[in-house]
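In my numbering, the protein residues as written are 3 to 297.
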Ligand code: SF4
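In structure tokens:
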């Protein structure tokens, strides 16, 4: 049998899935219109053939059936029908008896489109975590960056997942609103995460893989980027406005200047203090250099 296992690149996964098996169910992102995102702009969205995926799973299990964590790629595997996802999850459980967690990127609208019963079935079949780029909690900004979601659609989709037992890991983009929207972006994003109480919360810093001019052409407002200090101030305002009970916070994505971690709200003061140092006495800290930010 020839090796059927070949990724369609570029391939992305969250930092916390570094040790997981990555299994591509789709190629690209079904939305693919967010004006800040270049992840899948080289790919036309395609759903991979079910038989190819099932054969791939069986093939991998011949070599390693001790896999514990699996991430379903690409952009938003949750756009697939529940029946197809269940078939794939069943095969994963059969092939990998020690499997503990299956995760995927998801859009709130994909979660909302599924019934409560479907989400519960997915959770019972092993889908334990979805990663959601909430990006911002500010409706005007979400519209301007063409996210295709609002504050309330995001909250509704995520609460629905939680009610079904599926945990969420949500991402906030530091700097996405530039100078003009910085404060309201920070405050409204905090209100959104307060409402959903995610298990995990992480931050990315807005980046420009094809340059600032290319980015400016893709967005519909006069964007003035934040400098490093302003990014820390925005992040501080965001954290100050959070009211979380037990959310694991990380800024471990390569785009961040300063890796932060803690549990919110327990470590809120510590994180704010650290960000104060970053703003007032930056010489006391080591920042990730531009070349190491992987951009
Ligand atoms: S939904 Fe996610 S992957 Fe798709 S375009 Fe938007 S940010 Fe990119």
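Glycine is no exception: its CB is placed at the ideal position from the N, C-alpha and C atoms.
Note that the structure is a prediction, hence the values are computed from the model and not measured.
Residue i in three-state terms, based on DSSP
i, result
"residue 215", "helix"
"residue 220", "helix"
"residue 29", "strand"
"residue 49", "strand"
"residue 10", "coil"
"residue 63", "helix"
"residue 168", "coil"
"residue 226", "coil"
"residue 126", "helix"
"residue 23", "strand"
"residue 176", "strand"
"residue 3", "In this predicted model, residue 3 has a pLDDT of only 42, less than 50, meaning its place in the structure is not dependable; the value taken from the coordinates is given anyway. Residue state, collapsed to three classes: coil."
"residue 56", "helix"
"residue 16", "coil"
"residue 256", "coil"
Extent of the continuous beta strand (DSSP E) to which residue i belongs
i, result
"residue 71", "71-75"
"residue 252", "249-252"
"residue 136", "129-137"
"residue 103", "103-107"
"residue 286", "Looking at the DSSP string, residue 286 is not in any beta strand (DSSP E), and its letter there is neither H nor E."
"residue 206", "202-207"
"residue 263", "263-266"
Beta-carbon proximity of residue i to residue j, cut-off 9 Å
i, j, result
"residue 104", "residue 139", "no"
"residue 244", "residue 198", "no"
"residue 206", "residue 175", "yes"
"residue 113", "residue 159", "yes"
"residue 88", "residue 22", "no"
"residue 90", "residue 107", "no"
"residue 178", "residue 187", "yes"
"residue 239", "residue 166", "no"
"residue 249", "residue 203", "yes"
"residue 116", "residue 124", "yes"
"residue 30", "residue 51", "no"
"residue 236", "residue 185", "yes"
"residue 183", "residue 142", "yes"
"residue 168", "residue 132", "yes"
"residue 273", "residue 266", "yes"
Exposure label - residue i; buried when at least 16 CB within 10 Å
i, result
"residue 78", "buried"
"residue 229", "exposed"
"residue 20", "exposed"
"residue 216", "exposed"
"residue 149", "buried"
"residue 13", "exposed"
"residue 288", "exposed"
"residue 76", "buried"
"residue 231", "exposed"
"residue 100", "exposed"
Extent of the continuous alpha helix (DSSP H) run through residue i
i, result
"residue 159", "153-165"
"residue 274", "270-282"
"residue 115", "Element bounds for residue 115: n/a, residue is neither H nor E."
"residue 233", "230-242"
"residue 90", "84-97"
"residue 190", "180-198"
"residue 144", "141-146"
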